[in-house]
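Chemist: One structure coming up, written as structure tokens, with questions to follow.
Number of protein chains: 2
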Amino acid sequence: MSTIHGMDPLLDLPQLRTFYTLAQVGSFTACARRLGRTQSAVSHAMAKLEDLTGVPLLDRRGRGLRLTEEGRRLYQACEQAFATLDAAAEDLKRHQTQARGRLRVGATVEFGSSILMRHMQPFLAANPDLEIDFTLSHDLVGPLLRDDLDLVIDCVDHPLPALKKSPLFRETYVVACAPAFRKAHRLRVPADLSRCPVLSLDKGGAWWNRFLVAVPDRDQPHLDRFIAVNHVRAMIHAAVEGMGALLAPRYAVLEELERGDLVALFPAIRPAEDRFSIYQKKVKAGQEKQRLLTRYLQSLSPEEFGS
Amino acid sequence: MSTIHGMDPLLDLPQLRTFYTLAQVGSFTACARRLGRTQSAVSHAMAKLEDLTGVPLLDRRGRGLRLTEEGRRLYQACEQAFATLDAAAEDLKRHQTQARGRLRVGATVEFGSSILMRHMQPFLAANPDLEIDFTLSHDLVGPLLRDDLDLVIDCVDHPLPALKKSPLFRETYVVACAPAFRKAHRLRVPADLSRCPVLSLDKGGAWWNRFLVAVPDRDQPHLDRFIAVNHVRAMIHAAVEGMGALLAPRYAVLEELERGDLVALFPAIRPAEDRFSIYQKKVKAGQEKQRLLTRYLQSLSPEEFGS
DNA sequence: ATGCTTCATGAGTACGATTCATGGCATGGA
DNA sequence: TCCATGCCATGAATCGTACTCATGAAGCAT
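Each protein sequence line maps, in turn, to chains A and B. Residue numbers for the first sequence follow our numbering, beginning at 1 and rising by one. Residue numbers for the second sequence follow our numbering, beginning at 1 and rising by one.
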């Protein structure tokens with residue numbers, strides 16, 4: 001009755017996907033985690049959707065939210081619509097041209113050896129004629145510019161005009177230590193880290209800067225007992241053994257936190273995060289093999305990057 | 001095979017609606033018009049979609065674009081998905097609470113008397129318990145602030161913090177005249193308007209500024225023979241009779257242009273456009289009757305506003 | 001009460017979608 | 001052949017909006 005073309009822009013929004021996910025998982029926070037957004041984003045999105053439609057869709061009373069009657073109907077529509085769309089997407093994937101030839105990929109040591117390796121198998125299987133080799137190093141841009149690498153995944157920003165940058169994900173860091181260690185050193189606030197052994201990837205302790213910048217001035221600890229370990233995995237083991245406090249990418253210590261081998265310290269303080277991006281030379285970014293890998297990596301859900 | 005949750009963000013984009021519309025109308029320009037965007041926007045959107053999927057969806061060879069095989073399949077998926085979503089939207093509309101009480105709407109004379117009136121009937125029918133009255137005037141903000149009006153549709157910008165502004169549509173203007181008039185005055189470039197009778201809504205000729213600002217300096221005409229007519233409809237009739245050149249909102253002269261009673265002049269020059277917005281007092285914007293009308297107006301497709 | 005979740009909200013920001021201003025490439029008259 | 005004209009592509013600039021950040025309020029435990 002309202003629009004001439006029977007086309008209603010109302011329900012054609014990213015909000016809908018959020019609503020759909022939210023209905024599935026039943027919690028704003030969980031939904032946010034799965035979509036790689038903040039809880040606030042989900043809340044805003046739902047507020048907007050309800051405002052747009054003019055109908056309450058969520059029943060927020062009490063614990064564990066439920067859908068209203070209208071919400072349930074909308075959910076069913078989403079279920080159907082997204083199913084067909086996702087099927088279409090899947091279908092399109094099959095028609096992508098396969099990549100051939102050789103692709104030389106570079107990545108940081110920590111990221112490459114863990115997350116990247118864990119997720120490359122499906123891509124390799126889908127492109128049997130593609131030869132990939134990996135170079136894990138801290139110097140990535142040099143080889144990229146010298147054409148020793150075709151594509152690089154790095155977390156330091158390279159604002160070079162010759163490079164194409166595609167954002168990939170954000171890496172968050174946590175401070176943690178063994179439970180016994182926390183007790184022994186009575187760690188309650190950041191300042192308690194003073195005169196307490198801390199594990200660092202470098203000898204100077206610059207590694208801890210990404211944490212220190214997030215600490216308010218009054219609570220600044222004076223770190224002076226650094227234990228340098230130039231390998232993340234080794235550093236984690238050291239922390240588990242109670243050798244010192246640890247600052248590490250969250251994804252790297254998920255299991256240890258889960259098992260209780262490590263406990264997170266000062267959850268209120270969020271260290272600076274790294275933004276991982278894919279870098280390629282602009283002139284080569286158009287090549288099929290490069291685009292395929294870029295798309296594949298970007299299609300990985302944020303959860304898979306441990307954020 | 002790729003994403004863990006079977007949720008592929010690829011096809012969850014506004015781009016899709018564009019693609020769907022494009023496939024229906026078969027032309028970038030027409031699609032843009034229908035969606036109220038520029039041709040460029042549609043082009044960008046399709047480029048991005050094809051890049052994202054990695055599959056060519058459009059066949060641009062030759063005249064009149066066609067879909068590729070993959071494009072056709074995607075189109076069918078869209079057809080189905082959007083159908084269920086739009087049905088759901090329609091369903092939600094029925095559950096919107098009806099508005100009651102009285103709503104005093106203000107609008108500019110030209111807009112209110114034509115477009116607005118032509119589109120209010122469905123809204124009135126859907127809200128039988130709502131009494132609406134219209135005030136068409138050029139002074140709208142005053143009454144709005146004095147609470148003589150509840151909601152106002154205006155094209156001049158009011159950056160008042162107490163007012164909530166919701167963008168509605170853009171009004172484009174055209175310069176036109178009767179075919180015979182063009183011949184008689186040999187109108188080919190804007191400068192030819194010098195010493196040629198021009199119709200103006202005001203006596204000073206300020207009406208023509210929105211055209212003059214769009215004309216490059218070298219081609220500036222010296223308008224000096226103004227015929228003032230303080231009513232748009234009358235002005236159009238005058239133009240049809242060959243009394244002078246006309247500057248008018250495009251929507252107002254659509255029929256005349258269609259029938260050939262008027263011809264558009266200098267299509268390359270695009271006069272400054274008016275941006276119509278809905279203004280309401282923030283404190284009252286939350287009321288159901290106001291929100292309903294706002295949503296209704298915004299749901300009207302851009303085509304219906306003649307742009 | 002105190003803490004611990006979970007969601008809401010307002011202000012500020014960053015990114016992506018859109019526009020603007022072009023340029024290329026076809027087609028159809030003169 | 002030559003210019004008009006219509007259609008789409010493209011790069012840079014701009015604008016809006018969906019996000020984050022930093023809170024606050026409300027439910028449920030202890």
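Where a beta carbon is used, it is the ideal one built from N, C-alpha and C, also for glycine.
1. Taking A81 of chain B as the query, report the chain A residues whose CB atoms sit under 7 Å from its CB, ordered along the chain.
2. What are the boundary residues of the beta strand (DSSP E) that R170 of chain B is part of?
3. Along chain B, in chain order, which residues have C-beta atoms closer than 8 Å to that of L292 of chain A?
4. For the structure I just gave you, are there three or more beta carbon pairs, one from the segment 259-278 of chain A and one from the segment 92-104 of chain A, closer than 8 Å?
5. Under a CB-based cut-off of 7 Å, is E273 of chain B close to chain A?
6. Using only the alpha-carbon positions, how far apart do H5 of chain B and Q280 of chain B sit?
7. Give the DSSP bridge partners of Y135 of chain B, in chain order.
8. Kindly identify the DSSP beta-bridge partner or partners of A30 of chain A.
9. In whole angstroms, what separates the C-alpha of L201 of chain B from that of D157 of chain B?
10. Under 7 Å between the Cβ atoms of I153 of chain B and V215 of chain B?
11. For the putative contact between V109 of chain B and L136 of chain B, defined by C-beta atoms under 8 Å, what is the C-beta separation to the nearest angstrom?
12. Helix, strand or coil for P14 of chain B per DSSP?
13. Spatial neighbours of E256 of chain B within its chain, please: CB distance less than 7 Å, with the 5 preceding and 5 following residues excluded, ordered by chain position.
14. Under three-state DSSP, which class holds D154 of chain A?
15. Once you ignore the five residues that flank L168 of chain A on each side, which residues in its own chain have a CB closer than 7 Å to its CB?
16. Mind pulling the chain A residues with CB within less than 7 Å of Q96 of chain B?
17. Counting only C-beta atoms, is E70 of chain B closer than 7 Å to chain A at any point?
18. Per the contact definition of three or more C-beta pairs closer than 8 Å, is the segment 112-127 of chain B in contact with the segment 110-125 of chain A?
19. In three-state DSSP terms, what is V175 of chain A?
20. Alpha carbon to alpha carbon, how far is A228 of chain B from K203 of chain B?
21. Would you say R17 of chain A reaches chain B, if we count a Cβ-Cβ gap shorter than 7 Å as a contact?
22. Whose C-alpha, out of A:R100, A:R34, A:L246, is nearest the C-alpha of R291 of chain A?
23. By DSSP, does K203 of chain A sit in helix, in strand, or in coil?
24. At the level of alpha carbons, what is the spacing between E69 of chain B and R17 of chain B?
25. I need the straight-line Cα distance from K48 of chain A to F28 of chain A, nearest angstrom please.
26. In three-state terms, what does DSSP make of I227 of chain B?
27. Can you tell me whether DSSP reads S40 of chain A as helix, strand or coil?
28. Does chain B have any CB closer than 7 Å to the CB of T3 of chain A?
29. Express the C-alpha separation of R295 of chain B and L74 of chain B in angstroms, rounding to a whole number.
30. Run through the DSSP bridge pairs and tell me what P249 of chain A is partnered with.
31. Using a Cβ cut-off of 7 Å (strictly closer), state whether L254 of chain B contacts chain A.
32. Rounded to whole angstroms, what is the Cα-Cα separation between C78 of chain B and L22 of chain B?
33. Going straight from the alpha carbon of R250 of chain B to that of W208 of chain B, what length do you get?
34. Apart from the five residues just before and just after S2 of chain B, which ones in its own chain have a Cβ nearer than 6 Å to its Cβ?
35. Indicate whether at least one CB of chain A lies closer than 7 Å to the CB of D12 of chain B.
36. Between A228 of chain B and chain A, is there a C-beta pair that is closer than 7 Å?
Modeler: Taking the definition as stated:
1. A81, T84, L85
2. 163-171
3. G54
4. no
5. no
6. Because H5 of chain B carries a pLDDT of 36, less than 50, the predicted location of this residue cannot be relied on, and no value is offered for it.
7. In the sequence under discussion, the amino acid at residue 135 of chain B is Thr, which differs from the Tyr named in the question. DSSP output for T135 of chain B lists B:G106 as bridge partner(s).
8. A30 of chain A pairs with nothing; no bridge assigned.
9. 20 Å
10. no
11. 5 Å
12. helix
13. I236, V240, L262
14. strand
15. I153, F276, S277, I278, L297, Q298
16. G54, V55
17. yes
18. no
19. strand
20. 5 Å
21. yes
22. A:R100
23. coil
24. 19 Å
25. 14 Å
26. strand
27. helix
28. Below a pLDDT of 50, predicted positions are generally treated as unreliable, and T3 of chain A, at 33, falls in that range; the measurement from the model is reported next regardless. Yes, T3 of chain A lies at the interface with chain B (some Cβ there is under 7 Å from its Cβ).
29. 30 Å
30. A:Y173
31. no
32. 12 Å
33. 14 Å
34. Low per-residue confidence applies at S2 of chain B: pLDDT is 32, beneath 50, and the placement is therefore not dependable enough to give any value.
35. yes
36. no
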